[in-house]
Amino acid sequence: MTDFEKAQDLKIDIVSEDDESISEEHKQYLISKHGRYDLIPLPSMNDDDPLNWSPWFKHLQLGMVATHGFFGTFFASGLVPSFGKLSEKFELPTSQISYLTSAQIVILGFFPLVWVPLMNKYGKRKLLILSVVGSMCFNLGCVFSNTYGTLMAMRCLVAFFISPGLAVGGSIVHETTFSHQRGSRSGVWALMVNLGTMAGALFMGFVAQYQDVKYVFVVFTVMNFFQIFFYVFLGKETLYNYQDLSRNENNRFKQLTSFSAIVPERSFNFPTVAAPFKLFGNWRVFIAALAYGICFMHDNIATNVEIPQVMYIKFQLGPQALGLQFLSFIVGSLIGEVGGWLSDKWVQWGRKNNRGNSFRIWITYPGFITSIIGIVEFGVQIDRAEHKWNITPLIGLAISAFGFQILTSPLIAYSMDTTPTRASEVALFMTMMRQTLGFIGPFYYPLMFENMGFTRAYGLMAGLMAALAFIPVLFMHLYEARKGR
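Take 81 as the starting number for the sequence shown in my numbering and just add one per residue.
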């Protein structure tokens, strides 16, 4: 580790509860900016420090990167209602057409490993703009793709370029917020990533119902265009060099023409790219990431990506009706966002009473319970429905989505709190775990549904969530609480 990185790490770990640790002038500056000075991490006395930006401007930057993550999953799932049309067009089975989404899922998980180290050296904003420009170009390429192979290539390139939005949100949250805010802020980013998988299928179902499939990609291209506009005119760099202020360009428009490294001491090489894999050895982060990934693959992918194969075949729903089924996910996820807010309030109370970071985990338990109950209800009600559609399976989906969103924010925030100096690596690791497990699931879900029926299949998934997610998190919580951490 370089001296610079050690200094950055030291800054992150400062707890400004000791009145003697900062000058009176610094205290007054922080009080004028934030209304308090006991902040973790401790901001500098500089208006350009991202920690000192106004709350509305911080929310604007977080909103843009959260939207970036939203678009990544929106583009992946937005093709789902068109599977039937594409199956007829290319004369291929629906299961093979689904790889147009599955391939994007795994690319979205792994290629941020390349993007994020570059962003940690050169800055986020310019590379996020490059990311969106590339995505827009290849979405436009999808419009003119007339073979399955060409469309697959275009979709993979779209996923590569749009992928940093799914992981860099954690870094931006870490660079612009204080520890007592990270649960709710991480929740906003995670909520948008989760909502993208549902909103894509919902809104693109209307397009697929009335227009040719190519217009789905036209919509994607236009979305990217507006995203570029917002990044250029409203964005600002969140990476800040605290040791060498000359490296920071504070003019938002000059930032776009400056290509020098903001933190030149940070390297971009294979060890840097592979650094998140070291977190397999951090048992606390690994358990949290595994729990998050297991719940994602069953609460989200098994109910989301598989809806066409479940409801299209069982109820013969068209693209528009198929898309409307995803409203249940959106309703449940929006209500579940309360988990991030509760997590922050809970931690604030816990710190006043000398509780450790693991105190945040209490908020996950209602999430685990409701997410497990939700998918069981979905499976049972799908089997009971026979061949006539009714709303009861969607109630199960809403409960499941609610539970998943409740547990998401505390798990992400807890992982970052345990390793604050590696926040970007933690975000990458959790994204990689989530997307990898989400990619694996669709290969065996159809076999489970065919051989076990929906009730037993989703019952088995609920058992896996309890055994591989809930119980490990529970034991981790008990152990950490005994240690006072």
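Yeah, the Cβ is synthetic: ideal placement off N, Cα and C, and Gly gets one too.
Task: Alpha carbon of R327 to alpha carbon of W136, nearest angstrom - done: Position 247 of the sequence shown holds residue 327. Position 56 of the sequence shown holds residue 136. The alpha-carbon atoms of R327 and W136 are separated by roughly 25 Å.
Open item on the list: For Y372 and L188, I'd like the C-alpha separation in whole angstroms.
Closed with: The count along the sequence shown starts at 1 and reaches residue 372 at position 292. The count along the sequence shown starts at 1 and reaches residue 188 at position 108. CA-CA distance, Y372 to L188, rounds to 16 Å.
- [ ] Measure the beta-carbon distance from T318 to P197 and round it to whole angstroms, keeping in mind my assumption that it falls under 8 Å.
- [x] Locating residue 318 in the sequence shown gives position 238, counting from the first residue. Locating residue 197 in the sequence shown gives position 117, counting from the first residue. With a beta-carbon spacing of about 16 Å, T318 and P197 fall beyond the 8 Å limit used to define contacts.
TODO: Leaving aside the five residues before and after Y311 along the sequence, list all residues of the same chain whose C-beta is less than 7 Å from its C-beta, in chain order.
DONE: Here residue 311 is taken as the residue at index 231 of the sequence shown, counted from 1. Only residues of its own chain outside the window of five on either side were considered, and among them M144, R205, L208, I209, V212 have a CB closer than 7 Å to the CB of Y311, listed in chain order.
TODO: Would you mind working out which of F191, F190, A369, A247 sits nearest V490, comparing C-alpha positions?
DONE: Here residue 490 corresponds to residue number 410 of the sequence shown, with the count starting at 1. The sequence shown places Pro at residue 490, rather than the Val named in the question. Out of F191, F190, A369, A247, A369 has the C-alpha closest to the C-alpha of P490.
Task: Residue environment, G285, which counts as buried when at least 16 other CB atoms sit within 10 Å - done: Position 205 of the sequence shown holds residue 285. So G285 ends up on the buried side.
TODO: Return the residue from the list F258, R116, N219, K468 that minimises the CA-CA distance to M303.
DONE: Translated into the one-based positions of the sequence shown, residue 303 becomes position 223. Of the residues F258, R116, N219, K468, the one whose Cα lies closest to the Cα of M303 is N219.
Open item on the list: Taking a contact to mean a Cβ-Cβ separation below 8 Å, would you say A281 touches F406 in this structure?
Closed with: Here residue 281 corresponds to residue number 201 of the sequence shown, with the count starting at 1. Here residue 406 corresponds to residue number 326 of the sequence shown, with the count starting at 1. In this structure, A281 lies near F406, with their beta-carbon atoms less than 8 Å apart.
Task: Proximal residues to F366 (C-beta, below 7 Å), its chain only, five neighbours per side dropped - done: By one-based count along the sequence shown, residue 366 stands at place 286. Result list for F366: L359, F360, in chain order.
Open item on the list: Given this structure, state the Cα-to-Cα distance separating G315 from K138, to the nearest angstrom.
Closed with: Reading the sequence shown from its first residue, position 235 is the one you call residue 315. Reading the sequence shown from its first residue, position 58 is the one you call residue 138. If you draw a straight line from the Cα of G315 to the Cα of K138, it is about 10 Å long.
- [ ] Identify which residue in S504, S182, R262, F163 has its Cα closest to the Cα of K201.
- [x] Within the sequence shown, numbered from 1, the residue matching residue 201 stands at position 121. Its Cα nearest to that of K201, the residue S504 stands out among S504, S182, R262, F163.
Task: Residues of its chain near T403, where Cβ-Cβ distance is below 6 Å and the 5 sequence neighbours each way are ignored - done: Looking up residue 403 in the sequence shown gives position 323. First, the residue type needs correcting, since residue 403 is Gly and not Thr in the sequence shown. Closer than 6 Å at Cβ, skipping near neighbours: P161, A281, L282, G285.
Open item on the list: Going by beta-carbon coordinates alone, are I252 and S215 separated by less than 8 Å?
Closed with: Walking along the sequence shown from the start, residue 252 turns up at place 172. Walking along the sequence shown from the start, residue 215 turns up at place 135. It is not a contact, given that the beta carbons lie outside the stated cut-off.
- [ ] Could you check what DSSP says for V441 in three-state terms: helix, strand or coil?
- [x] Against the sequence shown, residue 441 aligns to sequence position 361. The residue you asked about is not Val; residue 441 is Ile in the sequence shown. Here I441 sits in helix by DSSP.
- [ ] Give me the Cα-Cα distance between R565 and M532, rounded to the nearest whole angstrom.
- [x] Here residue 565 refers to the residue found at position 485 of the sequence shown. Here residue 532 refers to the residue found at position 452 of the sequence shown. Each residue's alpha carbon lies about 43 Å from the other.
Open item on the list: Assuming the contact rule is C-beta atoms closer than 8 Å, T450 and I479 should be a hit. Round their C-beta distance to whole Å, please.
Closed with: For the purposes of this step, residue 450 is taken as the residue at position 370 of the sequence shown. For the purposes of this step, residue 479 is taken as the residue at position 399 of the sequence shown. At roughly 5 Å, the Cβ-Cβ gap stays under 8 Å, so T450 and I479 are in contact.
Task: C-alpha distance - M81 paired with T501, whole-angstrom precision - done: What you label residue 81 is simply residue 1 of the sequence shown in a count that begins at 1. What you label residue 501 is simply residue 421 of the sequence shown in a count that begins at 1. In this prediction, M81 scores a pLDDT of 40, lower than 50, which makes its location untrustworthy; the coordinate-derived value is nonetheless stated afterwards. So the two alpha carbons sit approximately 12 Å from each other.
Open item on the list: With the cut-off set at 8 Å, would you say G416 and F519 are in Cβ contact?
Closed with: Residue 416 sits at position 336 when you count from the first residue of the sequence shown. Residue 519 sits at position 439 when you count from the first residue of the sequence shown. Their beta carbons are not under 8 Å apart, which means G416 does not touch F519 by this criterion.
TODO: Give the secondary structure of Q515 by DSSP, where H, G and I count as helix, E and B as strand, and everything else as coil.
DONE: One-based indexing of the sequence shown puts residue 515 at position 435. Correct three-state label for Q515: helix.
Task: Beta-carbon separation (whole angstroms), I455 vs Y538, contact threshold 8 Å - done: Counting from 1 along the sequence shown, the entry for residue 455 is found at position 375. Counting from 1 along the sequence shown, the entry for residue 538 is found at position 458. A Cβ-Cβ distance of about 5 Å is found for the pair I455 and Y538, placing them in contact under the 8 Å criterion.
Open item on the list: On the CB-based measure, 16 or more other CB atoms within 10 Å of its CB, does G521 come out buried or exposed?
Closed with: Reading the sequence shown from its first residue, position 441 is the one you call residue 521. Taking a 10 Å sphere around the C-beta of G521, we find 16 or more other C-beta atoms and assign the residue as buried.
- [ ] Would you kindly work out how many angstroms separate the C-alpha atoms of E345 and G267, rounded to a whole number?
- [x] In the sequence shown, residue 345 corresponds to position 265, counting from 1. In the sequence shown, residue 267 corresponds to position 187, counting from 1. So the two alpha carbons sit approximately 31 Å from each other.
Task: DSSP three-state assignment for G115, whether helix, strand or coil - done: Counting from 1 along the sequence shown, the entry for residue 115 is found at position 35. Correct three-state label for G115: coil.
- [ ] Count the other CB atoms, across all protein chains shown, that sit within 10 Å of the CB of A507; report buried if there are 16 or more and exposed otherwise.
- [x] As a working note, residue 507 is residue 427 in the sequence shown. It counts as buried.
TODO: Go ahead and label W133 buried or exposed: buried means 16 or more other beta carbons lie within 10 angstroms of its beta carbon, across all protein chains shown.
DONE: Here residue 133 refers to the residue found at position 53 when the sequence shown is read from its first residue. Per the 10 Å Cβ criterion, buried.
TODO: May I ask you to report which of helix, strand or coil DSSP gives K563?
DONE: Within the sequence shown, the letter at position 483 stands for residue 563. The three-state reading of DSSP puts K563 in coil, since its state is none of H, G, I, E or B.
Task: Local conformation of H139 per DSSP, three classes - done: For the purposes of this step, residue 139 is taken as residue 59 along the sequence shown, with counting starting at 1. Taken through DSSP and simplified to helix, strand or coil, H139 comes out as helix.
Open item on the list: Whole angstroms are fine: how far does the CA of Y320 sit from the CA of A341?
Closed with: Numbered from 1 along the sequence shown, position 261 holds the residue referred to as residue 341. Numbered from 1 along the sequence shown, position 240 holds the residue referred to as residue 320. Looking at the two C-alpha atoms, the distance is approximately 11 Å.
- [ ] Using 10 angstroms around the beta-carbon of P173, count the other beta-carbons present and answer buried if the total reaches 16, otherwise exposed.
- [x] Your numbering for residue 173 matches position 93 in the sequence shown. Its Cβ having fewer than 16 others within 10 Å, P173 is exposed.
Task: Collapsed DSSP secondary structure at T256 in the structure displayed - done: Position 176 of the sequence shown, counted from the start, is the residue given in the question as residue 256. Secondary structure at T256: helix, using DSSP grouped into helix, strand and coil.
Task: Local conformation of D129 per DSSP, three classes - done: Position 49 of the sequence shown, counted from the first residue, corresponds to residue 129. Note: D129 maps to coil in three-state DSSP.
TODO: For Y559, count neighbouring Cβ atoms within 10 angstroms of its own Cβ and tell me buried if that reaches 16, exposed if not.
DONE: Taking the sequence shown and counting its residues from 1, the one referred to as residue 559 is at position 479. Y559 counts as exposed, since fewer than 16 other beta carbons sit within 10 angstroms of its beta carbon.
Task: Residue span of the alpha helix (DSSP H) that contains R502, given as start and end - done: Along the sequence shown, one-based indexing puts residue 502 at 422. No alpha helix (DSSP H) holds R502; DSSP gives it neither H nor E.
- [ ] Reducing DSSP to helix, strand and coil, say where V293 ends up.
- [x] For the purposes of this step, residue 293 is taken as the residue at position 213 of the sequence shown. Of the three classes helix, strand and coil, the one that applies to V293 here is coil, per DSSP.
Task: Whole-angstrom distance between L246 and F150, CA atom to CA atom - done: On the sequence shown, position 70 is the one that residue 150 refers to. On the sequence shown, position 166 is the one that residue 246 refers to. Annotation: F150 to L246 spans about 8 Å, alpha carbon to alpha carbon.
Task: R562 to F555 span [Cα, whole Å] - done: Translated into the one-based positions of the sequence shown, residue 562 becomes position 482. Translated into the one-based positions of the sequence shown, residue 555 becomes position 475. If I take the Cα positions, the gap works out to 11 Å.
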